[in-house]
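Visitor: So the protein lines, in turn, are chains H and E. Residue numbers are given in the numbering used here: position 90 of the first sequence equals residue 90, and the series is strictly consecutive. Heads up: take any position in the second sequence, counting from 1, add 98, and you land on the numbering used here. First the structure, then my questions, so here it is.
There are 2 protein chains.
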Amino acid sequence: MKDKEAKALVKMFKALSHPNRLQLFVEILEQSEAAFEEGQDCLASTIMEKLNVGAPTISHHLKELVNAELISTERKGKFLTCQVNPEAMKRLGVFFAR
Amino acid sequence: MKDKEAKALVKMFKALSHPNRLQLFVEILEQSEAAFEEGQDCLASTIMEKLNVGAPTISHHLKELVNAELISTERKGKFLTCQVNPEAMKRLGVFFAR
DNA sequence: AAAACAATTCGATACTTGTCGAATTTTAGC
DNA sequence: GCTAAAATTCGACAAGTATCGAATTGTTTT
Chain H
1 MKDKEAKALV
11 KMFKALSHPN
21 RLQLFVEILE
31 QSEAAFEEGQ
41 DCLASTIMEK
51 LNVGAPTISH
61 HLKELVNAEL
71 ISTERKGKFL
81 TCQVNPEAMK
91 RLGVFFAR
Chain E
99 MKDKEAKALV
109 KMFKALSHPN
119 RLQLFVEILE
129 QSEAAFEEGQ
139 DCLASTIMEK
149 LNVGAPTISH
159 HLKELVNAEL
169 ISTERKGKFL
179 TCQVNPEAMK
189 RLGVFFAR
């Protein structure tokens, strides 16, 4: 395995290696799946209520997920919407398919 | 997702979230794949030469991989053999298959 | 039994990081 | 413009952890 690829994987795993961030990621994942029916839902505001942490912490965690390229975010006016990055899912899926 | 399942996943991700441990895991993974031809190879001794860390550190990292149920170990006399846990691979594969 | 080798345990240390409060920025609605 | 709401930035602190050296345990070999 190339060093570059290993680094990318480490970054992703690290991003998912904390309870709050994993939950954050799963929420976004499930929201994405449910996004067929309704419009995409926002986050920091919506999810902050589910997780028991403050806004600064959510912001920090989201940035790490983005930095690991697990999700991407988009500003929609006052809100911030999040989407799972399909590339990342595929990449990780392949890694564990042996 | 159940809390118990989330905790297990976090443990696995944390175990893979460090460069040396990921490399360790990948080495074991590749060794397992190559184990059809030859006999299973041992580790701390063999792998320690590839990774640039001391024996105590390897021992510590291996314990974490075992604790996360990503691998299992078996004593073979003086040596310690490692095998990837297929259950874990499947579990993680499913998680990213969406 | 003695020496050599593989691995583990134990403490200590340096570094990383999750969280918060306070202050700041950005956008919406009045 | 002013106020409220959503999100970000900043600084600080507590907790966790990767690594090492030294000492220890267990096993093989001579």
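Even for Gly, the Cβ is constructed at its ideal location relative to N, Cα and C. Keep in mind that this is a model prediction, so the values were computed, not measured.
Let's test the definition: count the other Cβ atoms within 10 Å of the Cβ of histidine 158 (chain E) and tell me whether it reaches 16, buried, or not, exposed.
Guide: That one is exposed.
Visitor: Whose Cβ in chain H lies nearer than 8 Å to the Cβ of glutamate 131 (chain E)?
Guide: Under the 8 Å cutoff, chain H gives Arg98.
Visitor: So if I threshold CB-CB distances at 9 Å, which residues from the region 149-164 of chain E count as touching chain H?
Guide: Per Cβ criterion, the list is empty.
Visitor: Could you tell me whether the Cβ of leucine 80 (chain H) comes closer than 8 Å to any Cβ of chain E?
Guide: No, its Cβ sits nowhere closer than 8 Å to a Cβ of chain E.
Visitor: Residues of chain H with CB closer than 7 Å to the CB of leucine 114 (chain E), please, in chain order.
Guide: Those are Phe13, listed as they occur along chain H.
Visitor: Would a C-beta distance cut-off of 8 Å place leucine 120 (chain E) and leucine 127 (chain E) closer than the cut-off?
Guide: No, they are not a contact pair.
Visitor: Return helix, strand or coil for phenylalanine 79 (chain H), following the three-state DSSP convention.
Guide: Of the three classes helix, strand and coil, the one that applies to phenylalanine 79 (chain H) here is strand, per DSSP.
Visitor: By how many angstroms is the C-alpha of glutamate 27 (chain H) removed from the C-alpha of valine 182 (chain E)?
Guide: Answer to the nearest angstrom: the Cα atoms are 29 Å apart.
Visitor: Applying the 10 Å Cβ sphere with the 16-neighbour rule, what's the burial state of lysine 63 (chain H)?
Guide: By the 10 Å Cβ count, lysine 63 (chain H) comes out exposed.
Visitor: Would you report the Cα separation of lysine 76 (chain H) and aspartate 101 (chain E), rounded to the nearest angstrom?
Guide: One C-alpha to the other measures close to 31 Å.
Visitor: Compute the Euclidean distance between the alpha carbons of glutamine 93 (chain H) and valine 192 (chain E), then round it to the nearest angstrom.
Guide: In the sequence as displayed, the identity of residue 93 (chain H) is glycine instead of glutamine. Those two C-alpha atoms are separated by around 8 Å.
Visitor: At the 8 Å Cβ level, is leucine 168 (chain E) part of the contact set with chain H, yes or no?
Guide: No - not a single Cβ of chain H is within 8 Å of the one on leucine 168 (chain E).
Visitor: Which residues does DSSP list as the beta-bridge partners of isoleucine 71 (chain H)?
Guide: Answer by DSSP bridge pairing, in chain order: H:Val84.
Visitor: Relative to the C-alpha of threonine 155 (chain E), which candidate in E:Thr171, E:Ala142, E:Glu103 and E:Val164 has its C-alpha closest?
Guide: Of E:Thr171, E:Ala142, E:Glu103 and E:Val164, the residue nearest in Cα terms is E:Ala142.
Visitor: Using CA atoms only, rank isn't needed, just tell me which of E:Val151, E:Glu185 and E:Glu147 is closest to valine 164 (chain E).
Guide: Minimum Cα distance to valine 164 (chain E) is reached at E:Glu185.
Visitor: When you compare the CB positions of methionine 197 (chain E) and phenylalanine 96 (chain H), do they come within less than 8 Å of one another, or not?
Guide: Examination of residue 197 (chain E) is not possible in this model, given that chain E is present from 99 through 196 alone.
Visitor: Whose Cβ in chain E lies nearer than 7 Å to the Cβ of alanine 8 (chain H)?
Guide: Within 7 Å Cβ-Cβ: nothing; alanine 8 (chain H) doesn't reach chain E, min ~11 Å.
Visitor: What do you reckon, are the CB atoms on leucine 80 (chain H) and isoleucine 47 (chain H) nearer than 8 Å?
Guide: Contact flag unset, no.
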